[in-house]
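Residue numbers (the numbering used here), protein chains in the order written: chain R, 42 to 338; chain G, 42 to 338.
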């Protein structure tokens, strides 16, 4: 990250962290073990990539910060719930996340299941809170978008495709299809929800923004696979090399390392082209595309 | 059920079944195994008690049927997701539900996890679909109510309290606290959402209706515990005597069978008193309170 982007990102991350801490139930409110575990799963970690994208997209439409913050937190809660469930033994069986024991290791499996379930509900509760800066019909449509992105045609569907792919060699298009669902759907939702908090975009601008989001979402996953193959566990904060070990197809296993890196670069350029016509309004969107492609963890 | 109530209930159940079949993804749409399992979890079974309550409450406010149907299906999808997750080995570890193998038995655990996750998303997607018969702000508030009822202060929280209670002797008030969350929250949501689809009730009427819902929700659970102690597995369509076997406190284990039956009767009378001032508009609400208390499965 450039120092200027880092500065902006730190501000957004702090806002999001404070808002999430407020919206999550108090750790001593009954049932305390569940609430404590929900806070453990969400707070004090994570790059908050989806909130950053929502805020950057909100700048494009001069969206009120308070409305974008609400949408960004809702998306991050969906993301956090998905991590808790993905880490369960019946899924990826991972014991390390953001440098800490995963929820089912720190608490227990049943609690982790309920944490994920309750975080999903909380995401919709947060997004449905009356928001004077938003038209109610717009807000309802945002709820519909997030629900669709999280569900069987989006993130949960991508997980199911991922499960079915274990031990199979996928083609590059099949791998792309999986990731467009598994991580892409929620990243696209973050970008669109951020923009929807402001003045409406015309259809062409909406299309460009969505193309940007699609490219950035895929680039994020390609870079994840590259880092999983190259970076040590201590840097990642999660178990390195786990996908390859589990027999999961990755961009590195399907394309090889050099071609995977080249694909990430292509997606970055595509993303930048898509938002270039927005000029300086899309400054943070462009800088985030660079960051997401060139990050080291 | 009286023949007249049975007739009305059959009509509602058919409407709900058809609407759920339409709103659920097609069984052959990718990812097909997930979608097939989602339909397996939701369709072709269940008493649809929550939809019946929503429709009965909608009659109180002359609510348009199409709006009530949408809300009723959303509540039923939340209920269906909770059953799939509750039946998992890490939770109640149940292999029989509605006379069929549970989802993780018929498919596998990972699929059952994703089925529950995706059904929860679908519930909010269904409730957020544009509904010309509803004011958008009202619809947003309905989404907020459902999310709250499903989450850690409602149903998911009740599950956590339930987990923590295994092997402990609870007092009657503690047991009530658990069930007000675990089953009560969603039943109250069904009643309130049905009513919210029509003309607004005044605060006193809203309070009466909510008291009715609270009593009916508890009566439902007390009767569940009585049936679990008395009825054979074949009649219940789920494993009889399981709660007692698992060391879970029930109304029968805490109060004894005669006092549990007396409590159910008291709750029924309380529920009827609460809606008596509504007169004939509350006919189906009153009849449902009778049915819920006197049902045999």
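Virtual Cβ for every residue (Gly too), placed ideally from N, Cα, C. Just so you know, these numbers come straight off a predicted model, no measurement behind them.
- Interface residue (Cβ-Cβ distance to chain R less than 7 Å): residue 132/G is classified as such.
- The beta-bridge partner set that DSSP reports for residue 142/G consists of 137/G.
- At the C-beta level, residue 101/G and residue 323/G come within 7 Å of one another.
- By the rule that beta-carbons nearer than 7 Å mark a contact, residue 254/R does not touch chain G.
- Chain-order list of chain G residues neighbouring residue 189/R: 162, 166, by C-beta distance under 8 Å.
- Residue 310/R and residue 131/R have their C-alpha atoms roughly 38 Å apart.
- The residue among 305/G, 190/G, 93/G with its C-alpha nearest the C-alpha of residue 164/G is 190/G.
- With a 10 Å radius around the Cβ and a threshold of 16 neighbouring Cβ atoms, residue 62/G comes out exposed.
- A distance of 7 Å or more separates the beta carbons of residue 325/G and residue 112/G.
- Taking 7 Å as the cut-off, the beta carbon of residue 230/R is found no closer than this to the beta carbon of residue 177/G.
- Distance from the CA atom of residue 171/R to the CA atom of residue 180/G, rounded to whole angstroms, is 11 Å.
- Nearest CB-CB separation between residue 173/R and chain G: not below the 7 Å threshold.
- For residue 44/G, the closest Cβ of chain R is not nearer than 7 Å.
- Taking 4 residues as the minimum length, the alpha helix (DSSP H) runs contained wholly in the segment 182-269 of chain R are 196-206, 213-220, 226-237, in order along the chain.
- Secondary structure of residue 84/R (DSSP, three-state): coil.
- If you draw a straight line from the Cα of residue 106/G to the Cα of residue 241/G, it comes to about 16 Å.
- Assignment of residue 148/G by DSSP, reduced to helix, strand and coil, places it in the coil class.
- Restricted to the segment 78-128 of chain G, the alpha helix (DSSP H) segments that are unbroken, complete and at least 4 residues in length are 90-101, 106-127, listed in chain order.
- Of the residues assessed, residue 128/R falls on the buried side of the cut-off, its CB having 16 or more other CB atoms within 10 angstroms.
- Taking a Cβ-Cβ threshold of 7 Å, the residues of chain G close to residue 180/R are 181, in chain order.
- The alpha-carbon separation between residue 136/R and residue 153/G amounts to approximately 21 Å.
- Secondary structure at residue 72/R: coil, using DSSP grouped into helix, strand and coil.
- In the DSSP annotation of this structure, the continuous segment of the alpha helix (DSSP H) that includes residue 52/G starts and ends at 44-64.
- An exposed status is given to residue 287/R, since fewer than 16 other beta-carbon atoms sit within 10 Å of its beta-carbon.
- Beta-carbon to beta-carbon, residue 234/R and residue 116/R are separated by about 6 Å, close enough to satisfy the 8 Å threshold.
- Proximity of chain R to residue 74/G at the Cβ level (cut-off 9 Å) is accounted for by 201, 204, 205, in chain order.
- Look at the segment 209-222 of chain R: the residues with a C-beta under 9 Å from a C-beta of chain G are 218, 222.
- Taking C-beta atoms as the reference points, residue 72/G and residue 226/R fail to come closer than 7 Å.
- Collapsing the DSSP output to three states places residue 287/R in coil.
- Residue environment: residue 169/R is assigned as buried (16 or more neighbouring CB atoms within 10 Å of its CB, all protein chains considered).
- Under the criterion of beta carbons closer than 8 Å, residue 264/G and residue 336/G qualify as touching, at roughly 6 Å.
- Just measuring C-alpha positions, the residue of 138/R, 150/R, 160/R, 120/R sitting nearest residue 80/R is 160/R.
- Annotation: Cβ neighbours of residue 170/G in chain R (cutoff 7 Å, chain order): 185.
- DSSP, reduced to helix, strand and coil, places residue 336/G outside both helices and strands of the structure shown, so it counts as coil.
- DSSP places residue 272/R outside both helix and strand once states are collapsed to three, so it counts as coil.
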